[in-house]
Every structure is written in C-alpha cells, then in structure tokens.
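This report refers to the structure that appears directly beneath it.
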Amino acid sequence: MVTIFKRTPAQLSERRIDPWHYQPQFERQINKIKDNLGALTLEVVIDSKRGVASGATPLGANYLEKGRVKFYRTSEVEEMFLQAEKAVFITDEDDEKLKRSRLVDGDILLTITGAKFGKSAVVSAKHLPANISQHSVRFKSDPKKVDAHFLVAYLNSKTGQVAIWREAYGATRPAIDFPSVRSLAVPKVSPLAQKYIGDKVRQAEQLRTWAKRLYRIPAFIDAFIQGALPLSLTDSLFPLIKNSNNDAIKELTKFLALNIEDAQMKQNFQDFIEKNKMGSVDIEREFFHINTVSTLAIEDFLSAQTYRPAITDAFDQITSKKFSTLQSISLEPIRQGATPKFSAIGNKCIKSKQTRDLFLDETGYEIVDPNDEQNKRIVRLKRNDILVTRQGAGTVGRASIFLDDEETYITDSLFLVRIDPAKANPAFVAGFLRSYTGQRLIEKGVYGSTGQLNLSSTALRNIPILDVPLEFQNFLGETLCTADTLFKLSTRLTQSAKTLVEALIEGQLTEQQLIQAQQALEDGDNSLDQAILSKLSAEGYAIEGATPLFSDVDELYSLLEDAEQAEAEE
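The C-terminal residue of the sequence shown carries number 570 in the UniProt record's numbering, and the numbering is unbroken.
Given below as structure tokens:
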C-alpha cells in the first residue's frame, strides 16, 4: 500500500530529506511524546565528554574462547540485558587498538545494524572489562538528567522503537548513524518517575542474575554424583534442609555463585559449570576417540560412538552405585507424543524447538484442537512432566520440564516422562538429564547418521538414575523450579517497565502517580505500587478483562527481597 503525504521545506530537517523519516505514523507517535510529556534529544541527556562511539571487529575476527576482555556483538544484547556468559573474548592488544569503544560501568549499548537492530542494554561492572563491535554504539547517560535503566526501558518500548526506526537508513539492512543516534527523541520525565520505572529494570536484572546462579544446579548435581563437592557443604546442607529451607537455599546460592574460599574447589566447580554448558547430546560425537569395551558391555548398538569413553565413564559412574532406571521411577510407560493436526484455534502444542532449555520456551507454540477427529491420540501434559526430544541433529536428547497447568499437548517429536513423586523429584531428574553425565547417558541411546539422529525409546527407559535421598532431591528440584519463576518474573518486570513508559506517553498514567508510588515505596509503603502493578497486562495498562502480568504480587516482593540479599552475599 502506498501512502502519500506532504511536508513543507520548513518542516524538513537539514539531516534528512528522505520520505522515510517523515512517515505520518512515526510523527504521530513522536508528537505524543512532545504533547504529553515534552521531548528532548538523546544528545542533551548523555555525558557529552564521553560522547557516542562505536567499535570494530578485530582483524580476521580473531576471537578467543577465554580471556580477560569480553567482546560484545549484537547477539549478546537480549531483553534489555547483556549476556556476559555468551560473549567472546579479544586480546589485550586488540582492546588497546579499540580503546575508544571500551565500555565502562553505566554505559548504554545500542545496536545500530544487524538482525537485532535497535536493541539496548545497560552495562554494569560484571560485564567488564569489555569492548564492542562496529554494529553497536556506546554512550553514557548523565545521571542528573536521565536514569540509565529508564532510558533503556524507553528505547526498548514501542515508542522508543518508533523513534529509533524513524532515524534509520537503508531498505534491506537498516542502520543508524551517530548524528541520528544523538537526535533520538527522548521523553522528558521527572527523576522520581524515571526511578520508579528504572527500578523495575534493575529488579528484573537482580532476579535474572539469581536465576542464572540457580540454573547451575545441573552442574551441582553432576558434581554431587561424582563426589566432587566439599564435605563441609553437603554436611551443612542436609541439616539446613530439615530445619530451614531458606537458609539452605542461601548456602547453596553462595556456592553456585562461586563464593568459595578454597581456590582449588572454586576452580573445580567452575570446570563443572563449563562442562555442563555443552548443550546438545551429539555435540561431541564427531571427536576422535579410542576406547576398549568388554563384550559384556555391548548392548543395543554396535557403533563406536555409543561406547565413547565419556559415555562408558558416565554409565560406570552411576551403575557402580545404587540406582533405578528412568522407567522404574515413572508413573506410566515412557512414550512419544502423536502426530497432531495443527489449527488456528485451540490449545498450545509443544514441539522440539520449545526444548532449547531446561525450562520450556514460552513462545513459538503451535495450536491444536483436541476435539478434532484427527487429534484423538494427541497427548496432554500435566505439571512436572519431563519432555525429551526424540530426534534431530543438534536437538536430540534435550530434556525439559513442563511447569504449568494450562491445557497443553505435544507432538510426536517428543518423549513424555511422567515421574512418580513418591520415588523421585521430577525437576531433579530433569536437571540430572540436562547435566553432562545425564546427557552422556542419553547419548548412549542415540543412533543414526549426523543428518538424522534418533533416540531409542528402550534406551531412554533404561537410563540409570542414581538413588539420591528424596528429601535432597526435593530441595534441589524445588530450588531449580524457583529459577524458572525468577526468569518469568524478570521478563514480566521488563515488560512492565516498557508498558509504563507507553502508558505515560499515551496519557493513560500520570507522572504524579508514579512519583507518589515511588515516594511511598521509599517510605516502606507498597500499596500504590501494588495498585499500579495490578493494572499491568501483556495487552497494556488498565485493559479491561486482561490477565494481570503479576498473579501473585506478594510472591514477587518476597523473591525481590531474597534476590537482593543473594546479591549482597556474593
């Protein structure tokens, strides 16, 4: 569809005379900022001495797997946060050559080209030392003029994205230059209202950081199974679990955060963490290996890959102790889902792409109608069900746990494992299956070529699971589930920050309301904050009939308090 609009010479900027910049939908949204709040340019609210700078890719893209200086590309900017654990490294020499674009605490990173164009995140001390590529710019907000986390919430909001895209160049590959970055429209909002919104992003980061610590539990399970944990830790955890679950979680979190006095033990557990980042079960299958195996140990498959040292070592490690098979601790026979007929209306249906992580991805579901004649055999999930991907190079053998009560189904690409909670904790078992040892045991049952790998249902049923005291399993499993809650709440807090920015711009919410809520919070009263949070939904602010973003605000407050304490103890 072609849109025709006119602009007088007086309405044109010296920088831009192209029609893209003056599209009516862009100007309408920017005018809302001007009319309801007042607008400034980004140049006015950033540190002028530090300015705006971009980096460069080292010659030959010479990245290091390990090093001192992290190097952030656009792929590491995700949902207002920098993914430090996914960054590559560069040499000190390359960092010196790129010293103009070095990051400092409090910088804001904005992607200016590429698939993640227009995304931004705040840099903190934990991301440093670091540098950036030419596909991003860095600048630092002036704290007297704008809260950095508020600014990032705005830039990632719908209107913030409009402001960024309005300044973009290029048809097939959008980009934004330095003058355009400096010219970005920014709403003029009072400091207390900014802080109220910015705190939502800071809280999201706290929850996310704690969740990532707890997400190391599969590595902890691996170390526990191999007897590599300090006796002092396990000796202290068991009585704490009986008396105070909160104290036990604090003790565990300190260890997971590598707050370990013994340097050798710290390095040992760091090695377990790195080893448990391996991911797909077939990631090592093409490596060169030599192993000698007794004929008595030969089972279903005769391929050399099935008896790699890592696999036989993992199998011997578990079977040398008391264990149960995965099937024996399940409520019903382990089985695969059925081939569904997808539809436009119905219920969620999970495919293997939702099992990228231990916790199922909340996006990208297919839809099925369970009442359709062709869907009579589809399998419905229950809370705490474990799903294991049945096939696919790079995806086979991934284990995930379903932590929901919503009516949901699975496709034939997944195995369903329904654990008997009287015999084992489902989340503990899922965490074990995601550990390095668990992944090697799953790999033992994988067959086929690299183009199409499959997991044997018989092998899956016979996977040995170490007999661990149920009380300890429940503690680790429940704590692991807390990580999922933290991740989800973190996402909802960032969504709330963006929604609050939009509500201000649209005039649905006043600055005074946010100022009063912030002042009340500083006085220890969260009633006004609760009132605002209760009106937030995925659809926006104060949308009648919409499902609230936060179903249990008291749980949110409690976890925020715990996350703050966990951060202080690191």
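Ideal Cβ positions, reconstructed from N, Cα and C, are used throughout, including at glycine.
How far does the alpha helix (DSSP H) with residue i in it extend, from its first residue to its last?
i: ILE442; result: 436-443
i: GLU555; result: 553-569
i: TYR169; result: Counting along the chain, TYR169 falls outside any alpha helix (DSSP H), and DSSP gives it neither H nor E.
i: TYR36; result: Reading off the sequence shown, one finds Asn at residue 36, where the question assumed Tyr. That run of the alpha helix (DSSP H) goes 24-36.
i: ASN156; result: 148-156
i: ASP92; result: 92-97
i: LYS200; result: 191-214
i: LEU514; result: 511-522
i: SER527; result: 527-533
i: SER490; result: 470-506
i: THR57; result: That residue, THR57, is in no alpha helix (DSSP H); it is neither H nor E in DSSP.
i: THR547; result: No alpha helix (DSSP H) holds THR547; DSSP gives it neither H nor E.
Restricting to Cα atoms, I'd like to know which of the options is closest to residue i.
i: ALA168; options: SER534, GLY114 and LYS242; result: GLY114
i: ALA219; options: PRO191, PRO230 and PHE272; result: PHE272
i: ILE164; options: HIS149, SER180 and LEU151; result: SER180
i: THR491; options: GLN25, VAL201, GLY170 and GLU43; result: VAL201
i: LYS99; options: ILE108, ALA393, MET80 and VAL69; result: VAL69
i: GLY451; options: GLN391, ASP405, VAL501 and VAL429; result: GLN391
i: ASN268; options: LEU240, GLN508, PHE224 and ALA248; result: PHE224
i: PRO340; options: TYR365, LYS321 and ILE334; result: TYR365
i: ARG73; options: LEU504, HIS149, GLU567 and LYS86; result: LYS86
i: ARG418; options: ILE334, LYS353, LYS376 and LEU441; result: ILE334
i: GLU96; options: ASN245, PHE71, THR253 and PRO309; result: PHE71
i: ASP262; options: ILE241, ASN246, SER232 and LYS277; result: SER232
How is the beta strand (DSSP E) around residue i delimited, first residue to last?
i: PRO464; result: 464-466
i: ARG138; result: 136-140
i: ALA121; result: 120-122
i: LEU331; result: From DSSP, LEU331 is part of no beta strand (DSSP E); its letter is neither H nor E.
i: ASP372; result: Taken as a continuous stretch (DSSP letters only), ASP372 belongs to no beta strand (DSSP E), as it is neither H nor E.
i: SER400; result: 399-401
i: PRO230; result: First-last for PRO230: undefined, no H or E at that position.
i: VAL417; result: 414-417
i: ASN384; result: No beta strand (DSSP E) holds ASN384; DSSP gives it neither H nor E.
i: LYS275; result: Not the beta strand (DSSP E): LYS275 falls in the alpha helix (DSSP H), residues 263-275.
i: ALA344; result: 342-350
i: LEU455; result: 452-455
i: ASN245; result: Element bounds for ASN245: not the beta strand (DSSP E) but the alpha helix (DSSP H), 245-256.
i: LEU103; result: No beta strand (DSSP E) contains LEU103, which DSSP labels as neither H nor E.
Only counting the same chain, and skipping five residues up and downstream in sequence, which positions put a Cβ closer than 8 Å to that of residue i?
i: PRO421; result: ASN384
i: SER534; result: PRO548, PHE550 and VAL553
i: VAL467; result: Reading the sequence as shown, one finds Asp at residue 467 and not Val. So the qualifying residues of the chain are LYS321, LYS322, PHE323 and SER324.
i: VAL52; result: ILE46, VAL137, ARG138, PHE139, PHE178, VAL181 and ARG182
Less than 8 Å separating the beta-carbons of residue i and residue j?
i: PHE402; j: LEU381; result: yes
i: GLN545; j: THR499; result: The sequence as given places Gly at residue 545; Gln does not occur at that position. Contact flag unset, no.
i: GLU251; j: LEU237; result: yes
i: THR111; j: HIS127; result: no
i: GLY445; j: ALA459; result: yes
i: THR325; j: PRO464; result: yes
i: ARG138; j: SER183; result: no
i: LEU387; j: PHE415; result: yes
i: ASN36; j: ILE505; result: yes
i: ILE108; j: LEU151; result: yes
i: ASP222; j: SER435; result: yes
i: VAL77; j: ALA121; result: yes
i: GLN317; j: THR437; result: yes
i: LEU256; j: ALA483; result: no
i: LEU560; j: GLN203; result: yes
i: ALA563; j: GLN206; result: yes
i: ILE532; j: ARG440; result: no
i: LEU509; j: LEU556; result: no
Cutting at 6 Å between CB atoms, please list the residues of its own chain near residue i, excluding the five before and the five after it.
i: ILE260; result: LYS266
i: ILE410; result: GLY337, ILE350 and VAL379
i: PHE315; result: none
i: LEU536; result: SER496, THR499 and LEU549
i: residue 576; result: Residue 576 falls outside the range modelled here, since the chain spans only 1 to 570, and no answer is possible.
i: GLY67; result: PHE89
i: THR319; result: PRO464
How about residue i: is its C-beta nearer than 8 Å to some C-beta of chain B?
i: LEU381; result: The chain labelled as chain B is not found in the depicted structure, where only one protein chain is given.
Which same chain residues, not among the five before or five after residue i, have their C-beta less than 7 Å away from its C-beta?
i: LEU528; result: GLN516, ALA517 and ALA520
i: residue 572; result: Given that the chain is displayed from residue 1 to residue 570, the structure contains no residue 572 and the question cannot be resolved.
When every heavy atom of the ligand NAP is checked, does at least one fall within less than 7 Å of the C-beta of residue i?
i: ILE260; result: In the structure on display, the ligand NAP does not appear, and there are no ligands present to speak of.
Practice prompt. Would you be able to state if there are at least three C-beta pairs under 8 Å between the segment 174-192 and the segment 319-335?
Written response: Between the segment 319-335 and the segment 174-192 there are fewer than three inter-stretch CB-CB distances shorter than 8 Å, so the stretches are not counted as touching.
Fill in: the segment 468-478 / the segment 491-510 touching (three or more Cβ pairs under 8 Å)
With a cut-off of 8 Å on Cβ pairs, the segment 468-478 is not in contact with the segment 491-510, counting fewer than three such pairs.
Worksheet entry | Given 8 Å, three or more beta-carbon pairs between the segment 350-366 and the segment 401-415 | Contact holds: three or more Cβ-Cβ distances are below 8 Å.
Worksheet item: Are the segment 463-474 and the segment 50-61 touching by the rule of at least three beta carbon pairs closer than 8 Å?
Response: In short, these stretches do not touch, since the Cβ pair count stays below three.
Worksheet item: With contact counted as at least three CB pairs below 8 Å, one residue from each stretch, are the segment 360-380 and the segment 339-349 in contact?
Response: Segments in contact, yes.
Worksheet entry | Three-pair Cβ contact test at 8 Å for the segment 203-212 versus the segment 46-58 | Taking 8 Å as the limit for Cβ pairs, the verdict is that the segment 46-58 does not touch the segment 203-212.
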